[in-house]
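First the structure, in the form of structure tokens, and then the observations on it.
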Amino acid sequence: MLIDLHIHQQDHLAQGSLLLGQSCEYQVFRPMQAWQWMTQTRSVPDQCDWVRLEVIESWHRCLEDYRLPLGNYAMWDNYPIINNTKSPDVPSQKIEQLIKQLSHNFHVFLKEAGVMMILTASDGNLLHVLGEQQPLGSFISRTSARGGNWLESVLGNNGIGTAAELKKPIAFQGMEHYLSVLHPYTTVGYPLLDDAGQLLAVIGLVSNHHQESMNSLFAFLHLICVLVNTDFPLAKNSLAQQRVLEKIPFKAASKTNGKFDGAAVSEELAILVEKAVKLQGYKVPILITGESGVGKDHFVTLIKNAGPRKNAPLIAINCASIPHDLIESELFGYESGSFTGAKTTGKQGKFMLADTGILFLDEIGDMSFDLQSTLLRVLETSEFTPVGGNKPIRVDVQVIAATNVQLLEAVEAGRFRRDLYYRLNGAQIHLQALRDRNDKKAIIHHILQRELNAMATETPFAICPEVIILFEQHPWPGNIRQLINVIRATLYTASSRFITTQDLPLDFIAELKQQNLLDVARFRLPTTPDPLQVMSLSDWELHGIKTALKNYDGNISLTAKKLGITRTTLYKKMEYFGLNKAENYSS
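This is the structure:
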């Protein structure tokens, strides 16, 4: 069955504007730097070589016309995205019914591609959703509920809302979106117009798999629009649909066996999660190793939520924090009256509480030697006897242990039982120190972004480049735990919404001085641009200010005039970049 996918001229799919990243020109676009510059200066950059013209124009509308929150807005759960639902008009109803006639084949195609297709009315209200569903509670899941509104004035620029605004096909990717909550996604929109050019509805695609299969998805969107704009019997013929979809090649979206949040920021970590999930299926004991603070407890939460026991309890116990004489009762519980001070009703232990779920034994290397033999017996038989009891209890527990010490060395030193080590070490997963990870910078920026989003304020923070460099260069001996503590202490005690090195904790400053990182960060701020090095907008701005100050021997009035800004603005920018106005800029 041969079908010519043709669309009327007025509805032609402007594929050139949708194929993001397919031309050499797009490679010089830097939406990340442009968006960060906008949040810091509260103005839209006008450099079209940094971001597409369509993005600049849509950002102007969002900032100046709609006055949408800019930056890392913290109140997404309360953000008004649901309008009062009203009955769609007749043309929208007709299009909705046609979309609903599409068979299961289309739904499967979208789910395998990891893409959500949505249909909105001309007023932006959502009418129908097909394909990949977002996790419950996520921002996108709220927008995909009936009544969710996708207009630019509500969600900022996005493929669907901007297509409705401009009445032409368009796509946005990642940080080209005005609202930070849309940065993980690519959004594509195609407006459906009547013969008079009036907007009837918008069909859109939403995906968090940037570019991997976008060409095929655009072909899919092209097909959908053909079905809507013509009267092909394909919409009612399941077999014909399947044959046509087979002609659209695409790379299936990579997925794990469960859902885990943005904390799994690297492919390496996702692979470790998948490995642990497979081990859970066979109830293989897992031993997690790594330095203190690398996030072993968080990793356990990830694999629990992604594994077969995700709906069962996760019980954690720190073997190093429980007194020696209480750890047996904590693990196995006790019967009424088993010892002085025991509850009259007795108490369930951690093994009983974790029945059908996961028991996480953290700092297992610090468990007392005499209790290790009792734990070994439970692991071998899946049975235990509460303190003061005489009847064994059988449980179904997946045991995951973690340690920051070398257990084999403890075995050789006689501090840890060899047989228990090999029982716990059914499979070992090692979490690297933060300083050794290839995705160190991505993790730092992810956690920084998460903490900024968690701040209960509508006024965004701005962070000077020197602080970012210090975060990226620091070896973080305390790993992720130290990173989180430093970021929180900095944000919670900052003297203003502009974060400088003066706001960093004193103990962290002492670490930086000890490793000479403060001077390294200052030297890394650009002085002379290297034509072979990619520089951010902030880097170029700093270079321009320092050059002008040097050319005019530090004269603020002449420098400001040369730069085309006021003296007040120049002073603010000098403070932002940590430039000392008393410094000698003379040649």
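The sequence shown begins at 7 in this note's numbering and counts up one residue at a time. The C-beta atom is built at its ideal place from N, Cα and C for all residues, glycine as well.
Using the Cα positions of residue i and residue j, report the straight-line distance between them to the nearest angstrom.
i, j, result
"Gly484", "Asp509", "20 Å"
"Leu476", "Ala408", "30 Å"
"Gly355", "Tyr72", "56 Å"
"Ile105", "Ile230", "8 Å"
"Ser335", "Asn311", "28 Å"
"Ile370", "Asn324", "8 Å"
"Ile490", "Gln520", "21 Å"
"Pro535", "Thr45", "Any reading at Pro535 must be qualified, since the residue scores a pLDDT of 46, below 50, and its modelled position is unreliable; no value is offered."
"Pro398", "Val384", "10 Å"
"Trp56", "Leu199", "32 Å"
"Met358", "Ile333", "14 Å"
"Thr192", "Asn155", "17 Å"
"Arg595", "Met181", "Because residue 595 is not part of the residues shown, which for the chain are 7 to 593, the question remains open."
"Ala614", "Leu454", "Residue numbering for the chain in the displayed model covers 7 to 593; residue 614 lies beyond these limits and cannot be assessed."
"Ser344", "Ile321", "24 Å"
"Asp559", "Gly584", "18 Å"
"Leu377", "Val279", "30 Å"
"Pro419", "Ser327", "Going by the sequence as given, residue 419 is Ala instead of Pro. Straight-line Cα distance between these residues: approximately 22 Å."
"Thr496", "Val473", "10 Å"
"Ala318", "Ala360", "8 Å"
"Phe115", "Leu211", "13 Å"
"Glu70", "Leu512", "40 Å"
"Leu414", "Ser374", "16 Å"
Buried or exposed, going by whether 16 or more other CB atoms sit within 10 Å of the CB of residue i?
i, result
"Ser29", "Because Ser29 sits at a pLDDT of 34, beneath the cut-off of 50, its placement in the model cannot be relied upon, and the following sentence gives the value as read from the coordinates. Exposed, by the Cβ-count rule."
"Arg36", "buried"
"Ile277", "exposed"
"Leu367", "buried"
"Ala119", "buried"
"Ser128", "buried"
"His330", "exposed"
"Glu274", "exposed"
"Ser150", "buried"
"Ala202", "exposed"
"Glu138", "buried"
"Tyr288", "exposed"
"Val160", "buried"
"Gln103", "exposed"
"Ser98", "buried"
"His304", "exposed"
"Arg573", "exposed"
"Tyr427", "buried"
"Asn410", "buried"
"Glu158", "buried"
"Arg48", "exposed"
"Ser186", "buried"
"Glu517", "buried"
"Gln179", "buried"
"Gly268", "Unreliable placement is indicated for Gly268, whose pLDDT of 42 sits below 50; the coordinate value is still reported in the next sentence. Result: exposed."
Out of the options, point me to the one whose CA is closest to residue i's CA.
i, options, result
"Glu60", "Glu171, Glu336 and Pro197", "Glu171"
"Thr350", "Phe357, Gly394 and Met461", "Gly394"
"Met122", "Phe357, Asn214 and Ala202", "Asn214"
"Gln39", "Leu497, Pro471, Leu132 and Gly584", "Pro471"
"Val208", "Asp303, Val187, Val135 and Tyr191", "Val135"
"Gly165", "Lys117, Leu227, Gln204 and Leu116", "Leu227"
"Tyr196", "Leu125, Leu132, Glu158 and Gly162", "Leu125"
"Glu478", "Asp442, Asn459, Asp513 and Ala500", "Asp442"
"Arg429", "His452, Leu382, Leu116 and Met461", "Leu382"
"Leu523", "His480, Ala495, Lys579 and Leu497", "His480"
"His549", "Thr575, Lys567, Lys579 and Leu564", "Lys579"
Ends of the alpha helix (DSSP H) at residue i?
i, result
"Ala516", "Leu512 to Gln520"
"Gly287", "Glu273 to Gly287"
"Gln488", "Asn485 to Thr499"
"Asn311", "Lys302 to Ala312"
"Met358", "Lys356 to Leu359"
"Val625", "Coverage of the chain is limited to positions 7 through 593, which leaves residue 625 absent and any answer about it impossible."
"Leu413", "Leu413 to Glu418"
"Gln404", "Per DSSP, Gln404 belongs to no alpha helix (DSSP H); it is in the beta strand (DSSP E), Gln404 to Thr409."
For the beta strand (DSSP E) that residue i lies in, which residues bound it at each end?
i, result
"Gly137", "Leu132 to Gly137"
"His452", "Here His452 belongs to no beta strand (DSSP E); instead the alpha helix (DSSP H) covers Lys446 to Ala460."
"Pro368", "The residue you asked about is not Pro; residue 368 is Asp in the sequence shown. It spans Ile364 to Asp368 - the beta strand (DSSP E) in which Asp368 sits, taken as one unbroken run."
"His436", "Ala433 to His436"
"Tyr184", "First-last for Tyr184: undefined, no H or E at that position."
"Ala322", "Leu320 to Asn324"
"Val401", "Looking at the DSSP string, Val401 is not in any beta strand (DSSP E), and its letter there is neither H nor E."
For the ligand NAD, I want to know if residue i counts as a neighbour, meaning its beta carbon is within less than 8 Å of at least one of the ligand's heavy atoms.
i, result
"Arg400", "Looking at this structure, you won't find the ligand NAD or any other ligand, since it has none at all."
Sufficient close CB pairs (3 or more, under 8 Å) joining the stretch 432-450 to the stretch 292-303: yes
Any chance the stretch 399-406 sits against the stretch 440-451, with 3 or more Cβ pairs inside 8 Å? no
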